[in-house]
Amino acid sequence: MAVVVVVVCRVQILMMMMNIAVKRWCWLCGLPLLLLGGCQLTLQLPTAENQAKFYIDAIAKSQTAYYKANGEFASSIEQLDLNLNIDSPDYKLTATSHGEPTHSVLVEAAAKKDDLHSYAGLVYVKPTEEKVDVLVQACKTEEPSKRPPMLTTRPRLVNAIDCPEGSVIMQ
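When we follow our numbering, the leftmost residue of the sequence shown carries the number 199, and every step to the right adds one.
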């Protein structure tokens with residue numbers, strides 16, 4: 199059930215004592231006077247699945263920034279100092295670091311409800327001759343599932359995303 203917030207704004211422009219010459223000048227300059235009687239903006243809260251995607255993406259981007267600043271991944275979500283409420287009624291969110299030193303971080307959003315997809319993202323390093331790249335691989339289950347895709351913590355070091363069977367690239 200989405201909550202809809204409707205914001206209605208009313209703006210009235212009152213022009214008093216304006217002479218005809220100024221009105222003509224405004225019209226000729228392409229700045230016609232507008233009387234805005236009202237505007238309406240409708241906002242909707244994101245769906246549970248969009249929230250899960252957002253969390254995976256936010257944590258992956260934060261891990262990437264953390265790695266670039268510190269030369270290693272954060273070992274916990276708390277260490278990233280994100281202002282996210284990871285307690286969700288729809289998903290169990292986890293981030294697990296792998297290796298010593300940490301070579302990858304697995305971020306999972308496991309659905310708590312039967313009708314939701316689960317998600318997994320992997321943040322890992324790919325050394326090249328010139329530098330070290332930080333890559334992100336994110337997948338979602340093809341069908342609703344309470345189990346996130348099983349991503350390997352040591353992916354093939356290629357640029358293509360390789361989601362396991364039963365999952366697709368998260369978009």
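The beta carbon of each residue, even a glycine, is placed where N, CA and C say it ideally should be.
Sub-8 Å separation of residue i and residue j beta-carbons
{"i": "residue 305", "j": "residue 367", "result": "no"}
{"i": "residue 320", "j": "residue 295", "result": "no"}
{"i": "residue 282", "j": "residue 264", "result": "no"}
{"i": "residue 343", "j": "residue 318", "result": "no"}
Spatial distance of residue i from residue j (CA atoms)
{"i": "residue 248", "j": "residue 293", "result": "18 Å"}
{"i": "residue 275", "j": "residue 289", "result": "15 Å"}
{"i": "residue 204", "j": "residue 244", "result": "Because the pLDDT at residue 204 is just 31, under 50, the model does not fix this residue reliably, and the point stays unresolved."}
{"i": "residue 325", "j": "residue 360", "result": "18 Å"}
{"i": "residue 329", "j": "residue 268", "result": "15 Å"}
{"i": "residue 266", "j": "residue 258", "result": "12 Å"}
{"i": "residue 220", "j": "residue 284", "result": "Residue placement at residue 220 cannot be trusted, given a pLDDT of 42 that sits under 50; what the coordinates show is reported in the next sentence. In a straight line, the C-alpha of residue 220 is about 57 Å away from that of residue 284."}
{"i": "residue 336", "j": "residue 252", "result": "11 Å"}
{"i": "residue 250", "j": "residue 280", "result": "15 Å"}
{"i": "residue 299", "j": "residue 322", "result": "12 Å"}
{"i": "residue 333", "j": "residue 316", "result": "21 Å"}
{"i": "residue 291", "j": "residue 327", "result": "35 Å"}
{"i": "residue 338", "j": "residue 260", "result": "20 Å"}
{"i": "residue 362", "j": "residue 262", "result": "23 Å"}
{"i": "residue 364", "j": "residue 352", "result": "19 Å"}
{"i": "residue 286", "j": "residue 256", "result": "15 Å"}
{"i": "residue 177", "j": "residue 345", "result": "This structure cannot speak to residue 177, because the chain is shown only from 199 to 369."}
Nearest to residue i (by Cα), restricted to the options the options
{"i": "residue 307", "options": "331, 347, 270 and 341", "result": "347"}
{"i": "residue 311", "options": "364, 331 and 341", "result": "341"}
{"i": "residue 350", "options": "369, 286, 331 and 297", "result": "297"}
{"i": "residue 246", "options": "345, 363 and 313", "result": "313"}
{"i": "residue 271", "options": "345, 331 and 287", "result": "331"}
One or two residues paired with residue i in a DSSP bridge
{"i": "residue 337", "result": "318 and 367"}
{"i": "residue 325", "result": "330"}
{"i": "residue 304", "result": "294 and 320"}
Residue i Cβ short of 7 Å to the ligand ATP heavy atom set
{"i": "residue 273", "result": "Inclusion of the ligand ATP in the displayed structure is not the case, the ligand content being empty and no account of it being possible."}
Practice task
Just list the beta strand (DSSP E) runs in the segment 236-302, keeping only unbroken ones of 3 residues or longer that don't cross its boundaries, in chain order.
Solution key: 237-242 and 289-296
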